[in-house]
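Protein chains in written order, with my numbering: chain A, 201 to 317; chain B, 261 to 372. Where a beta carbon is used, it is the ideal one built from N, C-alpha and C, also for glycine. The structure displayed is predicted, hence computed values, not measured ones. Quick notes on the structure that follows.
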Amino acid sequence: GAVVSQHPSWVICKSGTSVKIECRSLDFQATTMFWYRQFPKQSLMLMATSNEGSKATYEQGVEKDKFLINHASLTLSTLTVTSAHPEDSSFYICSAREGTSEPYEQYFGPGTRLTVT
Amino acid sequence: LAKTTQPISMDSYEGQEVNITCSHNNIATNDYITWYQQFPSQGPRFIIQGYKTKVTNEVASLFIPADRKSSTLSLPRVSLSDTAVYYCLVGASSGGSYIPTFGRGTSLIVHP
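And the structure:
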């Protein structure tokens with residue numbers, strides 16, 4: 201199946217700094233990418249949906265100025281957590297969708313563990 | 261948007277067949293049903309997808325009744341490595357765009 205990679209796999213940063221997480225579709229073009237956040241023992245929570253070349257659509261309650269999403273190409277999307285705080289510590293997972301009609305083929309990255317100290 | 265309801269947890273033993281049922285009463289005509297498996301600190305992994313009746317692949321079977329208001333993931337002869345969280349997703353059509361939303365999932369624990 202298709203592969204989605206994330207970089208870095210884990211990151212530790214100090215409170216107040218910004219962190220960028222990359223999501224790449226390695227062998228297909230992703231028309232749409234999704235970003236999720238997952239806290240321990242909880243389900244994945246959708247943060248935003250991004251389409252290549254357009255602004256991301258954020259879910260209710262997700263601060264768009266804090267979580268900057270850039271989907272610059274059909275194979276790369278980035279999530280930047282700006283002015284990170286300890287409560288932003290979480291597991292961030294991206295997903296890339298191939299195709300534009302159902303049944304959608306959706307592939308998930310391995311996740312990025314963010315720890316803010 | 262179609263919501264899903266699954267049991268929060270299930271226990272089984274090695275070698276047994278496990279059936280996890282998901283309810284999705286508000287499924288739309290064009291929606292597909294997809295199941296994912298997730299291990300701790302990993303991204304979800306696709307297991308199986310179907311629209312109606314029965315679908316089988318090398319790891320699981322998916323049973324969907326005629327009214328499509330529920331679906332059952334069947335894992336034959338589970339092993340310890342099948343201990344994971346299983347999510348049922350239903351394609352949520354919104355203006356023609358699919359928004360994959362996860363429910364709480366089912367935590368399956370396989371015992372020796």
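Limits of the beta strand (DSSP E) - the one that B/I326 falls within: Looking up residue 326 of chain B in the second sequence gives position 66. Looking at the sequence provided, one finds Ala at residue 326 of chain B rather than Ile. Per DSSP, B/A326 belongs to no beta strand (DSSP E) and is neither H nor E.
Would the beta-carbon of B/L333 fall within 8 Å of that of B/L322? Translated into positions along the second sequence, residue 333 of chain B becomes position 73. Translated into positions along the second sequence, residue 322 of chain B becomes position 62. Going by C-beta atoms, B/L333 is nearer than 8 Å to B/L322.
DSSP three-state call for B/G356: helix, strand or coil? Taking the first residue of the second sequence as position 1, residue 356 of chain B is located at position 96. Residue placement at B/G356 is flagged as unreliable, the pLDDT there being 47, under the threshold of 50; the coordinate-derived value follows with that caveat. Three-state result, B/G356: coil.
According to DSSP, B/H371 sits in a beta bridge with which residue or residues? Position 111 of the second sequence holds residue 371 of chain B. B/H371 pairs with B/Y273.
Could you tell me whether the Cβ atoms of B/T366 and B/V345 are closer together than 8 Å? Reading the second sequence from its first residue, position 106 is the one you call residue 366 of chain B. Reading the second sequence from its first residue, position 85 is the one you call residue 345 of chain B. In contact: B/T366 and B/V345 (Cβ atoms closer than 8 Å).
Got a sec: is the Cβ-Cβ distance from A/Q229 to anything in chain B below 8 Å? Position 29 of the first sequence holds residue 229 of chain A. Output row for A/Q229: interface = no.
The beta strand (DSSP E) spanning B/V315 covers which residue range? Within the second sequence, the letter at position 55 stands for residue 315 of chain B. It spans T313 to T316 - the beta strand (DSSP E) in which B/V315 sits, taken as one unbroken run.
Any beta-carbon of chain A closer than 8 Å to the one on B/T361? Looking up residue 361 of chain B in the second sequence gives position 101. Chain A contact via Cβ: present.
Measure from the alpha carbon of A/F291 to the alpha carbon of each residue in A/E298, A/C213 and A/L314, then state which is nearest. For the purposes of this step, residue 291 of chain A is taken as residue 91 along the first sequence, with counting starting at 1. For A/F291, the nearest C-alpha among the options comes from A/L314.
Would you mind giving the Cβ-Cβ distance between B/W295 and B/I308, rounded to the nearest angstrom? I have them listed as a contact below 8 Å. Along the second sequence, one-based indexing puts residue 295 of chain B at 35. Along the second sequence, one-based indexing puts residue 308 of chain B at 48. At roughly 5 Å, the Cβ-Cβ gap stays under 8 Å, so B/W295 and B/I308 are in contact.
Separation of A/V211 from B/K312, as counted between CA atoms: For the purposes of this step, residue 312 of chain B is taken as residue 52 along the second sequence, with counting starting at 1. For the purposes of this step, residue 211 of chain A is taken as residue 11 along the first sequence, with counting starting at 1. Straight across, the Cα-Cα distance linking B/K312 with A/V211 is about 42 Å.
Reference B/V319, options B/R305, B/Y292 and B/S331, closest by Cα: One-based indexing of the second sequence puts residue 319 of chain B at position 59. Of the listed residues, the one whose Cα sits closest to B/V319 is B/R305.
Are the C-beta of A/L244 and some C-beta of chain B separated by less than 8 Å? Here residue 244 of chain A refers to the residue found at position 44 when the first sequence is read from its first residue. Chain B contact via Cβ: present.
Among the residues of its own chain, which have a CB less than 6 Å from the CB of A/Y258, if the five just before and after it don't count? Here residue 258 of chain A refers to the residue found at position 58 when the first sequence is read from its first residue. Hits under 6 Å: A248 and K264.
With hydrogens ignored, establish whether the beta-carbon of B/A320 is closer than 7 Å to any heavy atom of the ligand HEM. Among the ligands in the structure shown, none appear at all, so the ligand HEM cannot be discussed.
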